[in-house]
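Note that the numbering used here has the sequence shown beginning at 1, numbered continuously upward.
For every residue, glycine included, the Cβ atom is placed at its ideal position computed from N, Cα and C.
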Amino acid sequence: MKTLTLLRHAKSGWDDMNLRDFDRRLNGKGKRAAATVGRHMRACGLVFDHVVASPAVRVAETLDGVASGYGRSLSPGWDKRLYLASAATLLDIVRDLPPEHARVLLVGHNPGLEDLTLLLAADPGEAEDKYPTATLAELAIGESWADAARGKAELVRFVRPRDLDPALGPDND
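Pasting the structure below:
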């Protein structure tokens, strides 16, 4: 069974308006959320044999924060196609994953990650409501990455930072 875990980058700031979008950094809440999600991943026993991530600064910082909570480095392969990718582009990336990888973590941006989750999941459940920053969605795809198709995946896990710590909710900075 192929398992695809999607992680949206944690909350970034707009403090420096001179920075390009690509170079935006996490804010304090984003750093806390990333570490919290990493601890949750460790507690759930999530493991990955491949990690693919957008090279945007906020994604790299999210992975650093997740790794601190997770207790191990995630060593991503950086893929420029993930930066602000559409669901169609993400689906192409998933279908092209090497067959030897069974558990993949894909880290990137919205709306692409949310749209991909809604596209793939037979029953998107809570993912239909909101897909905030640092949200984790785990999908059971099938026997092959080529099996990734509309409505064919099972949404196994959908976790928002506020589900783990109410202080990480939308109204708590």
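- Judged by DSSP in its simplified three-state form, residue 14 adopts coil rather than helix or strand.
- Following the DSSP letters along the chain, one finds residue 66 in no beta strand (DSSP E) but inside the alpha helix (DSSP H) bounded by residues 57-70.
- With respect to residue 66, residue 145 sits apart: the two C-beta atoms are not nearer than 7 Å.
- In this model, residue 75 and residue 63 are separated by some 9 Å (Cα to Cα).
- Contact check for residue 8 against residue 48 fails: the beta carbons are separated by 7 Å or more.
- Check the Cα spacing between residue 134 and each of 159, 119 and 87: the tightest is with 159.
- Secondary structure note for residue 114: its alpha helix (DSSP H) is the uninterrupted segment 112-120.
- As computed with DSSP, residue 140 is found in a beta bridge with 3 and 154.
- In its chain, beyond the 5 residues on either side, 114, 117, 118, 121, 137, 155 and 158 have a beta carbon closer than 8 Å to the beta carbon of residue 127.
- Buried is the label assigned to residue 148, since at least 16 other Cβ atoms lie within 10 Å of its Cβ.
- Distance from residue 73 to residue 38 at the Cβ level is roughly 11 Å; contact not present, criterion being Cβ atoms closer than 8 Å.
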